[in-house]
Each structure stands twice: as structure tokens, then as C-alpha cells.
Amino acid sequence: MRTITLKDVNKTFYDKSRKLTPVLAIKDFNLRVEDGEAVVLLGPSGCGKTTLLRLIAGLEQPDSGSIFYNGIPLDDIRIEDRGIGMVFQNYVLIPHWESRRTVGFFLRLRDREDEVPAHVKTVANITGVDIESLMGRFPRHLSGGEKQRVSIARAFARDLELLLFDEPFANLDAKFRAQARVELKRLIQEFNVTLIYVTHDQVEAMSVADRIVVINAGRIIQAGAYEALHDDPDSLFVAEFLGTPTINSFWGRVSDGEWDGSYMGRASLPRFRPNGAEVIVGLRPEHIHLCDADSGIPAVIERAIPYYAEKFTLLEVWLRKRRWRLQAPLGAPQEPGDTIHCRLDWSRAFFFDASSGARIR
Ligand SMILES: Nc1ncnc2c1ncn2[C@@H]1O[C@H](COP(=O)(O)OP(=O)(O)O)[C@@H](O)[C@H]1O
Ligand SMILES: [Mg+2]
């Protein structure tokens, strides 16, 4: 049983020499993670993800606010009773320790070293990876991926209630990352522990999370399932951060109650905005459709990038004097300079206040 609650948590880093301006890393952070839930903290580099994880682990103290495990203040729980398994981005394996010793660290401290082989076997069975053959090796004889598998086995080989992962696969190649995500998903399901997982990668977030918490500049921007965030963003930030290829967004002004993007044309707004208000419209690449010359708007291809695995071509085109991204089938015309015709599905467009970035609904 393990719920995690963060209540009004703030954290600022001060420069010891007092020469640099303080960095406000976490601001008024409130979050409750349910028992057995897999929550992903997703945000750009520097937004405070690692700081949050270190606060939750008790490696860092908040300036104000509190953190609770099952309703008990973190400070009142002894470190050895916190039941945390952690995996970091950089494989922090001790160079002169064989993997067996690393994985057995927690159990050895409690004179339960004889349980280690069974733990290793369980992890190997669930993931389908032969980690037993890695146990006799030193870190210098392990690849990046193997090191991270040893780190994960170590995180699981203990009395476990909470897993904290900080971009564990960020330094690994794409093929291994995809495989490692599947292995991790199996482990989480089998062990049924609470997981807080930090990443800047939306694909990783999507594959691991029950719930994604989008963070920017130390604050929660929006939380929910991937589809909800992607299809119904509250802000321009979330609309631009989630979705591949990135959403098209264009600045315009309100005139006569409509969004007016000059060359772009006009679009009706979901809600009244006064004349002159600055509004950004967002239209996802998948909501632009290729069509016949007589019914579509002409667009000139500037660049075509095929995505064979995802079975589409990303086209960058000039349309109404603006550069757009759209998704075309793999076989569609893709020579730079070719003219294609498009239909824009304005019914799927999002509108945002240009100064705050807040969605206009
Ligand atoms: N020990 C520290 N001292 C000073 N500033 C820090 C320290 N740790 C993090 N920061 C700053 O706090 C902000 C958040 O950092 P971090 O939590 O590492 O972000 P992320 O993990 O999302 O990339 C950044 O601006 C970073 O430079
Ligand atoms: Mg980080």
C-alpha cells in the first residue's frame, strides 16, 4: 500500500555565493498518486522533474509544503522503511562491484542475501531477458542497456512499495528503448507497485503512464490520459508539447467576432472575443487532408520526410503564405516543388489566447 501526496510544495535553489539569482525549481505543487498507479511527470528539460523526484525520495527538502506517504509525513518515516526503488538516467553502478553484488545490496544489508537468486530469476522470467548471465560481470563489461537492466533488477530486489524512475532509458538507442519499455511495463504490472516516472519523451510517457502530469517551469500545467491531453489541451503549451508531428499554430486577430489570420483566411471562434484580441489557432497535421484540385487549397511541397514505421510522410508545405506540417500517405506526391491540394478541417482547430496561452473554449 503506498499513496504519495504532495501539498503546496515549493523549492528554490540558492547560489551559495549569492551572486546568481535564485532558481525557483518547484512552485505550489499539489499532487496525489494513488496506490498502484503509474504516474509520468512529463516536461521539457529544466522544468523541475528531477527535483520533484528527489523531493519525493527525501533526498531534497522542500522550502515549504509537505510530502506524505500513506498520509504520514515523509520525515517521520525512517529511510530504511521508505521502500523506494530508484533508477536514474546515468547508470550509477559501483565500478568494482559485480552485478550480483549491486542487485543484492538491499537484501544483503538485511542478511537476506540468499533471496537474491530468486529475485533475479523472477525479474528474468517477467521481462523475458536473461539477466542471470549478467550477474557475474563488472559494469565495464556491460553495455548501456545491460547496465540499465541491472539497475532495474536492483530497484526491484527489495521490499518495494514505490518506484522512482528518472529518464532511465534516455541514454539508450531507440530500438533498445522500445524493448526496455515493454520489459518495464511487464514488471510494473506483475509487482503492482506505485510508480512515478520522469521523462521528457511523450512516446515513453504514453507507454508507461496511467496518468500523465505535464509540467513546465516547476508547475503542473495539465494532467490526464495521453488521449485527453492530446485531443483536448487546456493550453498552447500542451498542444505543442504533445503530438507528432507538432501542431501547426498561427497568430491572428479577432475582427467582427471571427479569427482573422490575414492571408490565412477566417475561422469562427468557439466563444466571443473582443475585436483586436490576439488569438493563436492550432490545427494538428492529421486534420489536414489531401484532396482534388477543384475542391482544395493549393500547397507547394518544401520538404518530405517519410516515417515508414508509422506509415505516413511528413510534408512541410507552403500554404497561404505560411509553412505548414501535414501527414500524407506514404505513396502521395512528395517531390519538393510539387503542388498538392488540401482541405483544412477547421472543426478540429483549437484557439488560444495569445498572451496567456490559455485555450478559448
Ligand atoms: N542543486 C541545484 N542547484 C541549483 N540549481 C538547481 C539544482 N538542481 C536543479 N537546479 C535548477 O532547477 C531547475 C530544475 O532542474 P531539474 O529538476 O534538474 O529539471 P529537469 O529534471 O526537468 O531537467 C533547473 O533550472 C536547474 O538548473
Ligand atoms: Mg532531470
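Residues are numbered in our numbering as their position in the sequence shown, beginning at 1, plus a constant of 50. Ideal placement from N, C-alpha and C gives every residue a C-beta, glycine not left out. These numbers were taken from a predicted model, which means no experiment stands behind them.
Considering only their Cβ atoms, is the gap separating residue j from residue i smaller than 8 Å?
i	j	result
E328	S405	yes
V200	V153	yes
V137	I54	no
P335	P295	yes
I351	P324	no
V367	I246	no
K77	G115	no
F241	F219	no
S285	R409	yes
I262	G274	yes
E211	T244	yes
Quick one, which of the options has its alpha-carbon nearest residue i's?
i	options	result
R52	G115, D164, D131, G311	D131
Y276	P145, E366, V253	V253
F188	G326, R261, L143, G86	L143
F156	H169, G381, K99	H169
I297	L333, D113, G135	L333
Q111	T101, Y119, N120	T101
L74	K61, D164, T177	K61
A412	R162, E196, D161	Any answer about residue 412 is impossible in this case: the structure gives the chain only from 51 up to 411.
T389	Y358, C97, R370, A399	R370
Report the rounded CA-to-CA distance for residue i versus residue j, giving the unit in angstroms.
i	j	result
R231	K66	39 Å
I330	F401	6 Å
T363	P94	26 Å
D223	Q229	10 Å
R104	F291	24 Å
A382	I347	16 Å
R393	D209	57 Å
P283	R411	10 Å
E217	A107	15 Å
R190	A278	43 Å
L234	W396	40 Å
With respect to the beta strand (DSSP E) encompassing residue i, which residues constitute its N-terminal and C-terminal limits?
i	result
M136	134 to 137
A273	269 to 274
F300	298 to 305
V59	54 to 63
G194	First-last for G194: 194 to 206, but that is the alpha helix (DSSP H), not the beta strand (DSSP E).
Taking residue i as part of the alpha helix (DSSP H), name the residues at either end of that continuous run.
i	result
L412	The requested residue 412 does not occur in the structure, where the chain is confined to residues 51 to 411.
I181	Where I181 is concerned, there is no enclosing alpha helix (DSSP H), given that its DSSP letter is neither H nor E.
Q377	Here Q377 belongs to no alpha helix (DSSP H); instead the beta strand (DSSP E) covers 372 to 378.
E254	252 to 258
K69	Careful: K69 lies outside any alpha helix (DSSP H) and carries neither H nor E.
Could you name the residues, in chain order, whose CB is less than 5 Å away from a heavy atom belonging to ligand 1? Put simply, the residues with a CB less than 5 Å from any heavy atom of ligand 1 are F63, V73, A75, S95, G96, C97, G98, K99, T100, T101, in chain order.
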